[in-house]
Amino acid sequence: MGSKVNGPVDQICINKSLTDDELISILSKLETQKDKEVFGLVCKRWLFLQSSQRKKLCVRAGPHMLQKMAARFTNLHHLDMSQSVNRSFYPGVTDSDLSVIASSFGCLRNLELRNLKGITDIGLAKIGSFLAHLQFLDVSYCRKITDKGLSAVAEGCPNLKSLHAGGCRYVTDALLKALSIHCHNLEELGLHGCTSITDSGLAFLVEGCQKIKYLDFRTYLISQLMNCILAQCRSLEVLDIGCCDEVTDAAFHGLGSEGSELILKILKVSNCSKITVVGLGMLLGSCKTLESLDVRSCPHIQKSGCDEAGLQFPTCCKVNFSGSLAEPAVLI
416 MGSKVNGPVD
426 QICINKSLTD
436 DELISILSKL
446 ETQKDKEVFG
456 LVCKRWLFLQ
466 SSQRKKLCVR
476 AGPHMLQKMA
486 ARFTNLHHLD
496 MSQSVNRSFY
506 PGVTDSDLSV
516 IASSFGCLRN
526 LELRNLKGIT
536 DIGLAKIGSF
546 LAHLQFLDVS
556 YCRKITDKGL
566 SAVAEGCPNL
576 KSLHAGGCRY
586 VTDALLKALS
596 IHCHNLEELG
606 LHGCTSITDS
616 GLAFLVEGCQ
626 KIKYLDFRTY
636 LISQLMNCIL
646 AQCRSLEVLD
656 IGCCDEVTDA
666 AFHGLGSEGS
676 ELILKILKVS
686 NCSKITVVGL
696 GMLLGSCKTL
706 ESLDVRSCPH
716 IQKSGCDEAG
726 LQFPTCCKVN
736 FSGSLAEPAV
746 LI
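Heads up: the sequence shown begins at 416 in my numbering, then just goes up one per residue.
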């Protein structure tokens, strides 16, 4: 017969043996979000540690649930509260929700609030008051927002690098002045469809925000202002001025002068009816980094005309000559 063990068997409890830092180190080795969520199912301690390391969250919740989430996800950097443009939930996200977000998620760097019909300047003022470290804000198509709320964000969030407010029809030059004064590190600005913006506001913007890499001013821009943007925003890599009927070849005058080399990578001038092959040639003469050029629906720019003019596109540049604005881009 086998020997019988009468003494107690030593058992090792992993929770007693490993510190929080060691468990967090183990958690960091898991590659997928699903594996990390399974990690949190082991016990309450592991769930707390897993939650404390969560960086991004996409939610639809009211003030009470947001407070619970803030207590659980203590190190959240990215919060997405956006709604689908095709689906609406009443009352949806409101200023009360933004107030909770501002006061409870102190580590936020990125906040997405697209297509929220219920938020106003009151909620944005809370964001500006409490989230001083915010770097990315998207309030595209939040119809009730005006300069007042966004200016409060600009003043309270000096580290802002990206702001998208396309479709916010009440945005005017006042926002651009606030950005120019307070947000010198701004790199991305999307204001397509903001028809109340004028050339004076944009001129003010480029004076204070010269680190901009991405600009979207679809439907509005004039030649003089575009020339100013290209001359002063030396870090600009992406520019979308589609449907800007007032932009002419004058926008590219003087770009070939010494010290004015551009680093543009993506340029979209689709449906700019007054730009010609001459203007395009001036641009190419001062920009060797272009990777994508969209000239669809530009009546004075055709592939045959570019060939006749002897235009030399950068080797890696893909040029979209054909197709209507409603069709997928066809890169040639």
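All C-beta atoms in this analysis are idealised placements derived from N, C-alpha and C, irrespective of residue type, glycine included.
| Item | Value |
| --- | --- |
| So, helix, strand or coil for Lys683, using DSSP? | strand |
| Can the beta-carbon of Ile560 be found less than 8 Å from the beta-carbon of Asp588? | no |
| Which residue's Cα is closest to the Cα of Leu546: Leu575, Cys557, Lys532 and Thr610? | Leu575 |
| What are the uninterrupted segments assigned as beta strand (DSSP E) that are 3 or more residues long and contained completely in the segment 691-722, given in chain order? | 707-709 |
| In the DSSP output, which residue or residues are listed as bridge partners for Thr561? | Tyr585 |
| Roughly how many whole angstroms lie between the Cα atoms of Gln498 and Asp512? | 14 Å |
| For Lys733, list the residues DSSP reports as bridge partners. | Ser707 |
| Helix, strand or coil: which one does DSSP assign to Ser650? | coil |
| Over what stretch of residues does the beta strand (DSSP E) that includes Leu604 continue unbroken? | Glu603 to Gly605 |
| From the DSSP secondary-structure annotation, give me the bridge partner or partners of Cys473. | Asp495 |
| Is Ile429 helix, strand or coil when you go by DSSP? | helix |
| Quick check on DSSP: helix, strand or coil for Asp631? | strand |
| Where do the ends of the beta strand (DSSP E) carrying Asp614 lie? | No beta strand (DSSP E) contains Asp614, which is instead part of the alpha helix (DSSP H) from Asp614 to Gly623. |
| Compute the beta-carbon to beta-carbon distance between Ala666 and Ser638, rounded to the nearest angstrom, for a pair I have assumed lies under 8 Å. | 4 Å |
| Classify His579 as buried or exposed, calling it buried when 16 or more other Cβ atoms lie within 10 Å of its own Cβ. | buried |
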